[in-house]
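*Asks:*
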Amino acid sequence: AIRPVIERFQSVVITSGTLSPIDLYPKLLNFQPAIRLSLPMSTFRPCLLPLLVARGSDQIAISTRFELRKDSAVIRNYGQLLIDIAACTPDGICCFFTSYQYMEYVIGEWDKMAILQKVMEHKLVYLETKDVVETTLALDNFKRACDCGRGAVFLSVARGKVAEGIDFDRHYGRCVVLFGIPYQYTLSHVLRARLNFMREKYSIRDNDFLTFDAVRQAAQCMGRVIRSKTDYGVVVLADSRYNRQDKRSKLPPWIVQFIRESSLNLSTDVAVDQIRAFLKVAGQPIDQQALQAILFDQQQVGELAKQFAHHAAAVPVLPALPVPSKAVEAGPGASVVDEELLLEELYQREMLQATAGEEAGPMEVEDAGEVTWQPVQQYPSSLFLFEDILDDVDDEK
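With the working numbering as the guide, the letters of the sequence shown map in order to residues 17 to 413.
1. Does the beta-carbon distance from residue 73 to residue 96 come in below 9 Å?
2. How do the segment 208-221 and the segment 156-169 stand: do at least 3 beta-carbon pairs fall below 8 Å, yes or no?
3. Going by Cα to Cα distance, which pick from 237, 47, 38, 232 is closest to residue 21?
4. How many Å lie between residue 272 and residue 235 at the Cα?
5. Tell me which residues share the same chain as residue 104 and place their Cβ nearer than 8 Å to its Cβ, disregarding the 5 neighbours each side in the sequence.
6. By Cβ distance, which residues of its chain are closer than 8 Å to residue 166, with the 5 residues on each side in sequence left out?
7. Run the CB neighbour count on residue 202, radius 10 Å, all protein chains shown included, and call it buried at 16 or more, exposed below.
8. For residue 99 and residue 114, what's the separation of their Cα atoms in angstroms?
9. State the DSSP-derived secondary structure class of residue 51, mapped to helix, strand or coil.
10. If you count every other CB in all the chains shown that lies within 10 Å of the CB of residue 172, and 16 or more means buried, which is it?
11. Are at least three pairs of beta-carbons, each pair with one atom in the segment 27-38 and one in the segment 58-73, less than 8 Å apart?
12. Give the straight-line distance between the Cα atoms of residue 31 and residue 191, rounded to the nearest whole angstrom.
13. Going by DSSP in three states, residue 241 sits in which element: helix, strand or coil?
14. Can you give the beta carbon distance from residue 178 to residue 144, rounded, assuming they're within the 8 Å contact cut?
15. When DSSP labels each residue in this structure, what does residue 26 get in the three-state scheme?
16. Where do the N-terminal and C-terminal ends of the beta strand (DSSP E) with residue 64 fall, by residue?
17. Ends of the beta strand (DSSP E) at residue 172?
18. Can you tell me whether residue 303 is buried or exposed, with buried defined as 16 or more other CB within 10 angstroms of its CB?
19. Could you tell me whether the segment 76-94 touches the segment 116-133, where touching means 3 or more Cβ pairs closer than 8 Å?
20. Do residue 45 and residue 81 have their C-beta atoms within less than 9 Å of each other?
21. Excluding five sequence neighbours on each side, which residues of the same chain lie with their C-beta closer than 7 Å to the C-beta of residue 270?
22. Just list the residues that DSSP pairs residue 249 with in beta bridges.
23. Thinking C-beta only, is residue 256 closer than 9 Å to residue 71?
24. Taking a contact to mean a Cβ-Cβ separation below 9 Å, would you say residue 246 touches residue 307 in this structure?
25. Which same chain residues end up closer than 7 Å to residue 200 when comparing Cβ atoms and leaving out the 5 residues on each side of it in sequence?
26. To the nearest whole angstrom, what separates the beta carbons of residue 187 and residue 107, a pair I think is in contact under 8 Å?
27. If you follow the beta strand (DSSP E) that residue 142 is in, where does it begin and where does it stop?
28. Grab the span of the alpha helix (DSSP H) containing residue 109 for me, first residue to last.
29. Note down, in chain order, each residue of its chain lying with its Cβ closer than 6 Å to the Cβ of residue 371, except the 5 sequence neighbours on either side.
30. Taking the alpha-carbon positions, what's the residue 259 to residue 280 distance?
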């Protein structure tokens, strides 16, 4: 989807908090980035506690690998982990499974083991379904339970609606639990065709892409809990495979910066002890002086604005597309723009402007029926690739 943008515009800036590992994107999109940066999170306190849980309190390894995912000991340890977290974590908890099928299976087993009943002694339980209306209603009730102080657990899927676009900011998301690594279904014909294409076209190994995609989805889930500078939360990665270096190295820097040696290869009971200690400290009132120290004041914002204005004079403005004079009529009062006709007319206007002795440049639409051109200096095509957490200036300053 982004390839046409790269091919058309001279300079492209890509920013995201879940681009890691960024080395794979130049291969996938077939470009050479001019600048490549990977930035940590700017924060005034340790606001995130990532815990890599590898085994239960009975020292049995927990994982969603195919040969272990339906093991009763694994499912029991997952359930006991959720019970302990629900007992010591205030407000909202969001749990992500690898697929709808596995979530339904685990919930059924938890019901037989009376685990859900123990969880509901501490919090209400809601779950995501494939029906959008049901999921929206469940989310509304989840937030109402958190607002009234009852607290709730939301059971979701790593590649579902909740993982991609729903924010669990403030008290709605004090803890995120990932049950397993969200790999794609490897027997899918579409995935197989994609893997074959990337292996033959770009020499990308199957395991490299599958791991990259799974860790990227996991990072999407982890990002639900931190939505502002004052947020704090816990991320529990409940799978022994997260302890491997090939998995941890692909996590974004804003997560890796908070991982300590004491956070690796934990059992469920040790992880719960660390959660209690972290929440006791993070739940204290915010140090406003420390918060203000990492924010720009009005003078610094003014200096940055002057720098941006100075650099903007040397950077060409990206062209905006005009509506072509000939449009394909789609019905009364409506029209559909033909993309090829639009690009052809844009090219013809550039050629006319160039033959008139002026340098062709981007255009500005002054009104609905008139298009004017402004010559600008042309620069060589380049692409800037960043991975960052964008920090907004505090509105209260």
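Heads up, the beta-carbon is just placed ideally off N, CA and C, and yes, glycines get one too.
*Replies:* On the basis of the coordinates in this document:
1. Inclusion of residue 73 and residue 96 in the CB contact set at 9 Å is warranted, their separation being smaller than that value.
2. They do not touch, by the three-pair rule.
3. Answer by Cα proximity: 47.
4. Roughly 11 Å separates the two Cα atoms.
5. Counting only Cβ-Cβ distances below 8 Å, and skipping sequence neighbours, we find 288, 291, 292, 295.
6. Cβ neighbours of residue 166 beyond the five flanking positions: 139, 140.
7. Its Cβ having fewer than 16 others within 10 Å, residue 202 is exposed.
8. Residue 99 and residue 114 have their alpha carbons spaced roughly 20 Å apart.
9. Strand, per DSSP.
10. Label assigned to residue 172: buried.
11. Short answer: they don't touch.
12. Going from the Cα of residue 31 to the Cα of residue 191 covers about 26 Å.
13. Reduced to three states, the DSSP call for residue 241 is coil.
14. Their Cβ separation, rounded to whole angstroms, is 5 Å, which keeps residue 178 and residue 144 in contact under 8 Å.
15. Reduced to three states, the DSSP call for residue 26 is coil.
16. Element bounds for residue 64: 64-71.
17. Element bounds for residue 172: 168-173.
18. When all chains shown are included, residue 303 counts as exposed.
19. The segment 76-94 is in contact with the segment 116-133.
20. Between residue 45 and residue 81, the C-beta spacing is not below 9 Å.
21. Shown here for residue 270: same chain residues with a beta carbon closer than 7 Å to its own, the five before and five after excluded, namely 33, 56, 57, 405 in chain order.
22. Residue pairing by DSSP puts residue 249 in a beta bridge opposite 64.
23. Residue 256 is positioned such that its CB atom lies closer than 9 Å to that of residue 71.
24. Yes; because the gap between Cβ atoms is below 9 Å, this pair is in contact.
25. Within its own chain, the residues whose Cβ lies closer than 7 Å to the Cβ of residue 200, once the five positions on either side in sequence are excluded, are 207, 226, 229, listed in chain order.
26. Yes, they are in contact, since the Cβ atoms of residue 187 and residue 107 sit about 4 Å apart, within 8 Å.
27. Its beta strand (DSSP E) spans residues 140-143.
28. Element bounds for residue 109: not the alpha helix (DSSP H) but the beta strand (DSSP E), 108-113.
29. Residue placement at residue 371 is poorly supported in this model, since its pLDDT is 45, which falls under 50; the coordinates are not used for a value here.
30. Taking the straight line joining both Cα atoms gives about 6 Å.
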